[in-house]
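See below for the structure under consideration.
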Amino acid sequence: MAEIARKVFSKPKSMKDKPFHFCPGCHHGIVHRLVGEAIDTLGIREKTIGVASVGCSVFLYDYFDVDVLEAPHGRAPAEATAIKRVLPDSVVFIYQGDGDLAAIGTAEIIHAANRGENFTVIFINNANYGMTGGQMAPTTLLGMKTATSPYGRDFRREGYPIKMSEIIAQLEGSAFVARGAVNKPANLNKTKKYILKAFEYQIKGMGFSFVEVLSACPTDWGMTPVEACEFIEREMIPYYPLGILKEKKVPDHL
Numbered sequence: 200m201a202e203i204a205r206k207v208f209s210k211p212k213s214m215k216d217k218p219f220h221f222c223p224g225c226h227h228g229i230v231h232r233l234v235g236e237a238i239d240t241l242g243i244r245e246k247t248i249g250v251a252s253v254g255c256s257v258f259l260y261d262y263f264d265v266d267v268l269e270a271p272h273g274r275a276p277a278e279a280t281a282i283k284r285v286l287p288d289s290v291v292f293i294y295q296g297d298g299d300l301a302a303i304g305t306a307e308i309i310h311a312a313n314r315g316e317n318f319t320v321i322f323i324n325n326a327n328y329g330m331t332g333g334q335m336a337p338t339t340l341l342g343m344k345t346a347t348s349p350y351g352r353d354f355r356r357e358g359y360p361i362k363m364s365e366i367i368a369q370l371e372g373s374a375f376v377a378r379g380a381v382n383k384p385a386n387l388n389k390t391k392k393y394i395l396k397a398f399e400y401q402i403k404g405m406g407f408s409f410v411e412v413l414s415a416c417p418t419d420w421g422m423t424p425v426e427a428c429e430f431i432e433r434e435m436i437p438y439y440p441l442g443i444l445k446e447k448k449v450p451d452h453l
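Residue 306 in this note's numbering sits at position 107 of the sequence shown, with consecutive numbering throughout.
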């Protein structure tokens, strides 16, 4: 008797059936999927609104079957604040890279977190400006070579890599802060849980939730996809340790 085929894996219903345009080995597509799975799990697609920043994340609207607004460089938290205040029953998430959030958008993200704005942030840390040619970002590691630091980042010239999750976690308004990675299955599974919990915190009205994801950029790093995953494990995680940095207690009545 012929075995009946059973489908065990499919694209999240909150995502469009469209191939990703990202470079081979890029982790944006994986993180997109984790966000889509969280939206599906919570059954919130019809009331979810995304805000895309400038950079590789700008094509968010091509892949998610939800309403998506496009923000000027660094201003996604300001747009998300307006959306959530005008439509408080909506579920709002922003998706920003390190060049967008940790450089030109530093003021917006810090003050949104400090105010305790009730939306969710997905922060992609690939240690460079991915879309525009691999320039040095605020998160670029010491000694790391980029298009604008060809001899490696030197703290005497460019300062130190900024740890955004640690900064956000210190602010009173932040409710949930975590850092994950998707370079191997064990890290991916933990990151999936962090993203789901970040959305749950928003739904329960707990305030600002923030998930940083260490992400590979093989093209601008000049590495193969495998080498890029190994670089995250060997170089990035020791400086940007994974785990939950802050988790406010959820009241029993929520």
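Every residue, glycine too, gets a C-beta built ideally from N, C-alpha and C.
Quick caveat: nothing in here was measured; it's all calculated off a predicted structure.
Span of the beta strand (DSSP E) around residue i
{"i": "residue 264", "result": "Residue 264 -> no beta strand (DSSP E), and no H or E assigned at all."}
{"i": "residue 236", "result": "Careful: residue 236 lies outside any beta strand (DSSP E), inside the alpha helix (DSSP H) at 227 to 241."}
{"i": "residue 294", "result": "290 to 296"}
{"i": "residue 375", "result": "373 to 380"}
Straight-line gap, residue i to residue j (C-alpha atoms, nearest Å)
{"i": "residue 277", "j": "residue 311", "result": "7 Å"}
{"i": "residue 401", "j": "residue 441", "result": "22 Å"}
{"i": "residue 377", "j": "residue 205", "result": "35 Å"}
{"i": "residue 426", "j": "residue 305", "result": "30 Å"}
{"i": "residue 415", "j": "residue 232", "result": "15 Å"}
{"i": "residue 372", "j": "residue 309", "result": "10 Å"}
{"i": "residue 297", "j": "residue 380", "result": "14 Å"}
{"i": "residue 450", "j": "residue 221", "result": "41 Å"}
{"i": "residue 332", "j": "residue 362", "result": "23 Å"}
{"i": "residue 318", "j": "residue 444", "result": "18 Å"}
{"i": "residue 399", "j": "residue 350", "result": "43 Å"}
{"i": "residue 437", "j": "residue 253", "result": "28 Å"}
Status (buried if at least 16 other CB within 10 Å, exposed otherwise) for residue i
{"i": "residue 209", "result": "exposed"}
{"i": "residue 265", "result": "buried"}
{"i": "residue 413", "result": "buried"}
{"i": "residue 203", "result": "exposed"}
{"i": "residue 338", "result": "buried"}
{"i": "residue 386", "result": "buried"}
{"i": "residue 388", "result": "exposed"}
Residue i: first and last residue of the uninterrupted alpha helix (DSSP H) it sits in
{"i": "residue 408", "result": "Looking at the DSSP string, residue 408 is not in any alpha helix (DSSP H); the run it does join, the beta strand (DSSP E), is 407 to 413."}
{"i": "residue 426", "result": "424 to 430"}
Top-ranked residue by Cα proximity to residue i, from the options
{"i": "residue 155", "options": "244, 230, 352", "result": "No answer is possible for residue 155: it lies beyond the span of the chain, which begins at 200 and ends at 453."}
{"i": "residue 374", "options": "410, 437, 359", "result": "410"}
{"i": "residue 223", "options": "393, 368, 428, 261", "result": "428"}
{"i": "residue 368", "options": "215, 314, 355, 259", "result": "314"}
{"i": "residue 245", "options": "263, 365, 256, 255", "result": "263"}
{"i": "residue 281", "options": "390, 248, 382, 355", "result": "248"}
{"i": "residue 215", "options": "258, 284, 285, 359", "result": "258"}
The ligand ADP heavy atom lying under 7 Å from the CB of residue i
{"i": "residue 286", "result": "With respect to the ligand ADP, the structure shown offers nothing to examine, as it has no ligands at all."}
Below-8 Å beta-carbon distance, residue i vs any chain C residue
{"i": "residue 330", "result": "Here chain C cannot be found, since the structure has a single protein chain."}
Cross-strand partners of residue i (DSSP beta bridge)
{"i": "residue 321", "result": "294, 410"}
{"i": "residue 249", "result": "267, 292"}
{"i": "residue 214", "result": "263"}
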